[in-house]
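This report refers to the structure that appears directly beneath it.
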Amino acid sequence: METILSINQLTKVYGPLKAVNNLSFTIEKGNVYGILGPNGSGKSTTLGMVLNVVNKTSGEFKWFDGAESTHEALKKVGAIIEHPNFYPYMTAAQNLELVCKIKGVPSHKVEEKLEVVGLLDRKDSKFRTFSLGMKQRLAIASALLNDPEILILDEPTNGLDPQGIHQIREIIRKIASDGTTILLASHLLDEVEKVCSHVVIIRKGVKLYSGPVDGINASHGFFELEAENTELLQQFLNEHPSIGKVSLKGNLVTAIIEEPMSASDINQYLFEKGLSLSYLIKRKESLEEQFLQLTNQTTA
Amino acid sequence: MLRLLNIEFLKLRYSRSSKILILTYFILITFIALIASIEFPIGNMNFRLADQGIFNFPFIWHFNSFIAATLKLFLAIVIVSMMSNEYSNRTLKQNLIDGLSKKEFILSKFITVMVFSIVSTIFLFVVSLILGLSFSDYNEFSIIFSDLEYILAYFVKLTGFFAFCLFLGILVKRSAFALGFLFIWWIVETILYAILKWRIFKGSDIADKIVQFLPLESMSNLVKEPFSRLNAVQTAANQLGSAFEKDYTIHWYQILIVIVWTVLFVYFSYALLKKRDL
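As you go down the protein sequences, you meet chains A and B in turn. Residues in the first sequence are numbered consecutively from 1, following UniProt numbering. Residues in the second sequence are numbered consecutively from 1, following UniProt numbering.
Here it is in structure tokens:
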């Protein structure tokens, strides 16, 4: 696998605050990565450091094979940080032409990329007349101008209305399906869950997890069950060797699975004991639940 | 290098306020010619300013570079705002993310400043040449092209001043405050000079020797006021019995001081940008 970015022991200290603490991870070509963390967890600082706008305190990072200087490497990267920054008095097309000059790409790309984000009909409008959603889409167009090896998006849907969020997600999905590597920082879990294959979870600048999205929690999931006789159900479940904690909420019994086990296994077991279920489902924790579990573990 | 200039040119080209200020600046330089038409009656004589020898070669080089230099404030506004707007629009951050290095960023601004100075100097040279050829009493080739060091001094002075503006734009990040800071700096230099001259080193010229190293003072020293060199003024002063002598020539070390400041300001700008988290 081709490595696009490797971060090694990266640290940023602001006065007494350790914004990023010994963070290490690597980005491989072709995957869609999510950096997940609550607000203020160091996501943007990390991206700022690899993007040459925040000075690192210690540690190192390497773009591609590390042969080029950071700013040269950044010409092969497309990135949007927080809100879109353009010259307000220039039109969409003029702004993108300027970016072309900086990145050293021919300016015929401008129209092509405006088309991708659906702004071609507004290309001669001044940037300051744009709505936030349009600004964000223009930013994506600008990041795509150089057909980047990797697209970095920091909170791309922040502050957008549902329609705007949907448009941005569609664009991201389209780009991802073309095989572009994407690094998406967000505190919105469903966003990451919907588009990412890999995830890095950080909290207070410390890495909690990095790997495939479904590998976050090693647990085997849990059952949700209902029967007419709730007490008996709880008793049988507690007797089963592969079932861990059993808890009750209303009429719904939740049983944590400790060894691999299918829904039909538990159904058969209970039926043999003479209990018939009125409701049975096997579930895995959603990313949100896993995320909360993970971030809470380290609070204590 | 051409790429950097191109980038900067694009940024300025679409900014209406910058365009207006730059245009005003160059139009005002041509308006120096208007001084020629100033006439006012003294008694029953018509006093024409152009006849007082202000457009005589080689004095015109001195006179015009002094007058034109006072107009540099127009370009200063453009330069300070082209720097600080990058902060307020957060486009500086975006430029860096897009792959411009911090060094290239400062360089692109400084090259633009150099181009401003060069164009302004050439412009001044042409305007003065035309004015001189139409009004000067002496038109010998050797006289026309003597004292051209004022034009060189003008260029160095402008570049130094604009580099200072760039630095202030980066330091203060807001154009209005940066211009305010420029004014405050000027006041501080003036007060410092007054204290040194009239308190500490009273009655000697040590104060002048120290003050000539300050940035704004060193720049204004390059092209000193030309009015007291006018015949009319000299005669009047002689009659009042207070003939004064002033050194109007440009010394190599004065040019050197301004060049050193220019280099320092560009370097400080870079160091500041490098140190800052955006």
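We put the beta carbon where it would ideally sit given N, CA and C, even for glycine. Note that the coordinates shown come from a computational prediction; the quantities given were computed from them, not determined experimentally.
Buried versus exposed call for residue i [16 or more other C-beta atoms within 10 Å across all chains shown]
i	result
Q268/A	exposed
D65/A	exposed
H108/A	exposed
H166/A	exposed
L17/A	exposed
D98/B	buried
W198/B	exposed
W63/A	buried
S65/B	buried
S120/B	buried
I191/B	exposed
F167/B	buried
L74/A	buried
M1/B	exposed
A19/A	buried
R137/A	buried
M45/B	exposed
V253/A	buried
L34/B	exposed
S228/B	exposed
Alpha-carbon spacing of residue i relative to residue j, whole angstroms
i	j	result
Y270/B	I106/B	6 Å
S175/B	G215/A	52 Å
D247/B	Q212/B	14 Å
E285/A	L237/A	20 Å
T299/A	K12/A	Its pLDDT being 49, under 50, T299/A is placed unreliably in this model, and the value from its coordinates should be taken loosely. Rounded to whole angstroms, T299/A to K12/A spans 21 Å at the Cα level.
L189/A	W185/B	52 Å
L153/A	S58/A	24 Å
I151/B	M83/B	27 Å
P260/A	E272/A	20 Å
N251/A	Q290/A	24 Å
L275/A	G244/A	19 Å
N85/B	W252/B	36 Å
E231/A	C196/A	41 Å
F116/B	F161/B	12 Å
F164/B	P38/A	43 Å
I187/A	P162/A	Note on identity: in this sequence residue 187/A is His, with Ile being the wrong assignment. H187/A and P162/A: Cα-Cα distance of roughly 16 Å.
I200/B	L273/B	38 Å
L23/A	T45/A	11 Å
L270/A	Q234/A	11 Å
Which listed residue (the options) has its alpha carbon closest to that of residue i
i	options	result
M90/A	L10/B, F227/B, K209/B, A236/B	L10/B
T249/B	V266/B, L222/B, V233/B, T262/B	L222/B
V192/A	I7/A, A19/A, L36/A, S24/A	L36/A
F125/B	A153/B, S108/B, K109/B	A153/B
S177/A	I201/A, L151/A, E155/A	L151/A
C100/A	P212/A, V77/A, T129/A	V77/A
E226/A	L208/A, I266/A, L10/A	I266/A
E39/B	D51/B, I187/B, I144/B	D51/B
residue 284/B	F135/B, F74/B, W61/B	Absent from the structure is residue 284/B, since the part of chain B shown begins at 1 and ends at 278.
D121/A	N146/A, A92/A, A139/A	A92/A
P212/A	V32/A, Q235/A, L23/A, N85/A	V32/A
L277/A	R283/A, S264/A, E68/A	S264/A
T129/A	G164/A, Y87/A, A143/A	Y87/A
A185/A	S142/A, G164/A, G118/A, G34/A	G34/A
Under 8 Å by beta carbon: chain B residues contacting residue i
i	result
Q94/A	L10, Y14
L98/A	I7, L10, K11
Distance cut-off 7 Å: residue i Cβ against heavy atoms of the ligand ZN
i	result
Y270/B	The model on display carries no ligand, and the ligand ZN is accordingly not part of it.
Beta-carbon spacing of residue i, residue j below 8 Å
i	j	result
S41/A	R203/A	yes
L132/A	L160/A	yes
T70/B	V113/B	no
L179/B	V78/B	no
T181/A	I4/A	yes
L280/A	F222/A	no
F123/B	I29/B	yes
L216/B	K93/B	no
I257/B	S218/B	yes
P156/A	I257/A	no
V127/B	I255/B	no
Partner residues on chain B for residue i, Cβ-Cβ distance less than 7 Å
i	result
H71/A	G99, L100, S101
P88/A	N89
K75/A	G99
Partner residues on chain B for residue i, Cβ-Cβ distance less than 9 Å
i	result
N55/A	K274, K275, R276, D277
E160/A	According to the sequence as given, residue 160/A is Leu; it is not Glu. The premise fails here: L160/A is roughly 18 Å from chain B at the closest Cβ pair, so nothing lies under 9 Å.
Closer than 8 Å at the beta carbon, the chain A residues around residue i
i	result
N6/B	K101
K93/B	V53, I81, N85
Residue i: contacting residues in chain A (beta-carbon distance under 7 Å)
i	result
R90/B	N85
L96/B	N52, V53
Chain A residues whose Cβ lies nearer than 9 Å to that of residue i
i	result
R3/B	K101, I102, G104
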